[in-house]
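A.B. asks:
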Amino acid sequence: MPDQPQYDVIILGGGLAGLTLSIQLMQMDSSLQVLVLERRAHPVPPAAHKVGESTVEIGAHYFDTVLGLVDHMQQQQLKKFGLRFFYSDGREDVDQVVELGASKFLATPAYQVDRGIFENFLGEKARELGVRFVDATTVRGLDIGAGGGTHTVVYATGGVETQASCRWLVDASGRAGLVKRKLELAQDNAHDANAVWFRISEKIDIDEWSGDRDWLQRCDPPERWLSTNHLCGPGYWAWLIPLASGSHSIGIVCDARMHPLSTMNTLDRAIGWLQRHQPRLAREVESRRHLVQDFLFLRNFSHGCRQVFSGADRWALTGEAGVFLDPFYSPGSDFIGISNTYIADLISRERRGERIDGRAQLYQQLYFSFYESTLALYTNQYPIFGHPEVMSVKIIWDYAYYWGILCQLFFQRRLTDLASIGELSNELNHARALNVAMQDFMREWAQRDPIVNKPAMFDQASHPWLAELNRGLRDELSEAQFRERIREHTRLLDRLAGEVVARATAHCDVDASALRALLREALGEQLLFKRVA
Numbered sequence: 102m103p104d105q106p107q108y109d110v111i112i113l114g115g116g117l118a119g120l121t122l123s124i125q126l127m128q129m130d131s132s133l134q135v136l137v138l139e140r141r142a143h144p145v146p147p148a149a150h151k152v153g154e155s156t157v158e159i160g161a162h163y164f165d166t167v168l169g170l171v172d173h174m175q176q177q178q179l180k181k182f183g184l185r186f187f188y189s190d191g192r193e194d195v196d197q198v199v200e201l202g203a204s205k206f207l208a209t210p211a212y213q214v215d216r217g218i219f220e221n222f223l224g225e226k227a228r229e230l231g232v233r234f235v236d237a238t239t240v241r242g243l244d245i246g247a248g249g250g251t252h253t254v255v256y257a258t259g260g261v262e263t264q265a266s267c268r269w270l271v272d273a274s275g276r277a278g279l280v281k282r283k284l285e286l287a288q289d290n291a292h293d294a295n296a297v298w299f300r301i302s303e304k305i306d307i308d309e310w311s312g313d314r315d316w317l318q319r320c321d322p323p324e325r326w327l328s329t330n331h332l333c334g335p336g337y338w339a340w341l342i343p344l345a346s347g348s349h350s351i352g353i354v355c356d357a358r359m360h361p362l363s364t365m366n367t368l369d370r371a372i373g374w375l376q377r378h379q380p381r382l383a384r385e386v387e388s389r390r391h392l393v394q395d396f397l398f399l400r401n402f403s404h405g406c407r408q409v410f411s412g413a414d415r416w417a418l419t420g421e422a423g424v425f426l427d428p429f430y431s432p433g434s435d436f437i438g439i440s441n442t443y444i445a446d447l448i449s450r451e452r453r454g455e456r457i458d459g460r461a462q463l464y465q466q467l468y469f470s471f472y473e474s475t476l477a478l479y480t481n482q483y484p485i486f487g488h489p490e491v492m493s494v495k496i497i498w499d500y501a502y503y504w505g506i507l508c509q510l511f512f513q514r515r516l517t518d519l520a521s522i523g524e525l526s527n528e529l530n531h532a533r534a535l536n537v538a539m540q541d542f543m544r545e546w547a548q549r550d551p552i553v554n555k556p557a558m559f560d561q562a563s564h565p566w567l568a569e570l571n572r573g574l575r576d577e578l579s580e581a582q583f584r585e586r587i588r589e590h591t592r593l594l595d596r597l598a599g600e601v602v603a604r605a606t607a608h609c610d611v612d613a614s615a616l617r618a619l620l621r622e623a624l625g626e627q628l629l630f631k632r633v634a
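Each residue of the sequence shown is one higher than the last, beginning at 102 in my numbering.
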């Protein structure tokens, strides 16, 4: 073995999470010695064999603003026309069903990300900043130093083994979970879902699925294909995501109990499944079968982790190496941005001589709080996906909670501001409890309310308060203004919850008090909108 080089940080995995962390670290402190080890050879092909092409606001802000990659995002990736939903189970006429989406671009951008193009760019950027980025390499050995000791990594490149040591070790190896496996940190969660996905080397234009001029002109520009399009039904959704390389990503995500993976785990089976549930998309895929670039499936993809940060032993997990929720709402890049921000802050503080053990524990509690709050959006909720009204209301609620609370902490750079978070603990805890209660409430509402699916559009852009939540993410707030905004948004969520309850009980042919009682039971004494009763 060659002589052992010493690094400040070794990052296991040079995908999206690992490369962005390396860039963030070097921008924070250019004197750092950072080694990134990546299994795949670079450059990787466009439309790479990965899932996670779509970003929402936190992930997009992390890439374009926090990391300063705005030129690449705007020039080399596609600007996303928001999330768009069609309740089209078993139907071809998407213009005759309920559609939820914005009629125009909202103020805060998001992107459709071609992972191959992006990761190649990130690799070059990392090297320009001084990161030692070794691709086409395999980690052969891992010794995690206990009690603050040095970590040692053995890796092989082209048949030659190298041993390197580091002060900080970060696992960004995705589902390989090198540190997670070594320390036995894996943890299941209650969300049992499967996914299949593939790419086609040609655009699929959902705007061509209708000749109805009025339907086409609902959107300005009339380019729904730029959205992350969701085709929804009971227990599942299918995605359509365009990529800058010209390919189109297609995926099916299902509740494992309602749609077994065995019904879609090959291309032929997936097409057969689409013929039953989304026949218009099935025809599009069948006619382009010869253009299919890849096919992959993943069983029980959602997972947790017992620990993601250790201040005492100086290691951390980021991206899928730690936790993963669900591709619905595209939170993967969000959690990369959040975890990388915590990791970079811990490394910076420790290098300045601060004791970080307690801070690392608090950051982990906050990170798991984000994870658990977001997991509530998915757990046992897939049966709702076929109910146009309840699901549309749920999506509006989920946006309000996301833009109104979670995004504020990231956009206003308050993730590591423990004083402000402590000051707002009552509001943050209330919003979290209210979100969980509303998820339970909407599930009960869907079971009691008959399905009505008629040609109509829930237009996010036509609701001024919702559009303002999105626009307000771009505001620069003082500490006092930030705290007041969180309080204001918590009150807004209370009012919105009251309106949802009123709408639900007005539509259900059951004793309205039963639905209200469910919400009271879930929230207990924290229920602030008692006037609804």
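Even for Gly, the Cβ is constructed at its ideal location relative to N, Cα and C. Note that the coordinates shown come from a computational prediction; the quantities given were computed from them, not determined experimentally.
1) So what's D458 in DSSP terms, helix, strand or just coil?
2) Could you tell me the alpha carbon to alpha carbon distance between W298 and I353, rounded to whole angstroms?
3) Would you check if the distance between the CB atom of Y468 and the CB atom of I506 is smaller than 9 Å?
4) Determine, using beta carbons only, whether Q561 and L201 come nearer to each other than 9 Å.
5) Is the Cβ-Cβ distance between I296 and F436 less than 9 Å?
6) Per DSSP, G334 is paired with what?
7) What number of angstroms, rounded off, separates the C-alpha of P147 from the C-alpha of K180?
8) Per DSSP, which residues does V261 bridge with? Please list them.
9) Where does R515 sit, in a helix, a strand or coil, going by DSSP?
10) Check whether the stretch 196-210 touches the stretch 571-589, counting contact only when three or more Cβ pairs, one atom from each stretch, lie closer than 8 Å.
11) Enumerate in chain order the residues of its own chain whose CB-to-CB distance from R588 is below 8 Å, with the five nearest sequence positions on each side excluded.
12) Going by Cα to Cα distance, which pick from V602, R358, E421, R460 is closest to D518?
13) Only counting runs of 4 or more residues, tell me where the alpha helix (DSSP H) segments fall wholly within the stretch 290-318, in order along the chain.
14) Quick one: what does DSSP say R453 is sitting in, helix, strand or coil?
15) Under a Cβ-count criterion, where at least 16 other Cβ atoms within 10 Å of its own Cβ denotes burial, should K495 be classed as buried or exposed?
16) Does the beta-carbon of G420 have 16 or more other beta-carbons within 10 angstroms, so that it is buried, or is it exposed?
17) Using the C-alpha atoms, what's the distance from V254 back to V261?
18) Hey, which unbroken runs of the beta strand (DSSP E) at 3 residues or more fall wholly within the stretch 366-423?
19) Quick check on DSSP: helix, strand or coil for R632?
20) Using the beta-carbon count (16 or more within 10 Å), is A538 buried or exposed?
21) Quick one: what does DSSP say A557 is sitting in, helix, strand or coil?
22) Measure the beta-carbon distance from Y108 to V135 and round it to whole angstroms, keeping in mind my assumption that it falls under 8 Å.
23) Below 8 Å, how does it come out for the stretch 345-360 and the stretch 281-294: are there three or more Cβ pairs, yes or no?
24) Please return the same chain residues whose Cβ sits closer than 6 Å to the Cβ of D550, not counting the five positions on each side in sequence.
25) Measure the CB-CB distance between V424 and G405 and report whether it falls below 9 Å.
26) If you run the structure through DSSP and keep just helix, strand and coil, what is I342?
27) From the DSSP output, in three-state form, read off E626 for me.
28) Secondary structure at G352, three-state DSSP: helix, strand or coil?
29) As a quick exercise: from Y188, T480, R415, pick the residue whose alpha carbon is nearest that of D458.
30) Quick one: what does DSSP say K180 is sitting in, helix, strand or coil?
31) Do you know whose CA, among I124, E193, F542, V137, lies nearest D165's CA?
32) Bridge partners for I112 per DSSP, in chain order?
33) Short check: CB of P343 to CB of Q213, under 9 Å?
34) Does Y212 come out as helix, strand or coil in the three-state DSSP assignment?
35) In the structure shown, what three-state DSSP assignment does A618 receive?
36) Does the Cβ-Cβ distance between T156 and S431 come in under 9 Å?
C.D. replies: With the structure as the only source:
1) helix
2) 6 Å
3) no
4) yes
5) With the sequence shown as reference, residue 296 is identified as Ala, and Ile is not the correct amino acid for it. No, the Cβ-Cβ distance between A296 and F436 is not below 9 Å.
6) Y337
7) 17 Å
8) T258
9) coil
10) yes
11) L525, E528
12) R460
13) 314-317
14) coil
15) buried
16) buried
17) 14 Å
18) 397-399, 416-418
19) Annotation note: pLDDT 33 at R632 (below 50); position unreliable, coordinate value reported separately. It is helical.
20) buried
21) strand
22) 7 Å
23) yes
24) H608, C609
25) yes
26) strand
27) Note that E626 scores a pLDDT of 45, beneath 50, so its modelled location is shaky; the value from the coordinates is reported in the next line. Helix at E626.
28) strand
29) R415
30) strand
31) I124
32) V137, V271
33) yes
34) strand
35) helix
36) yes
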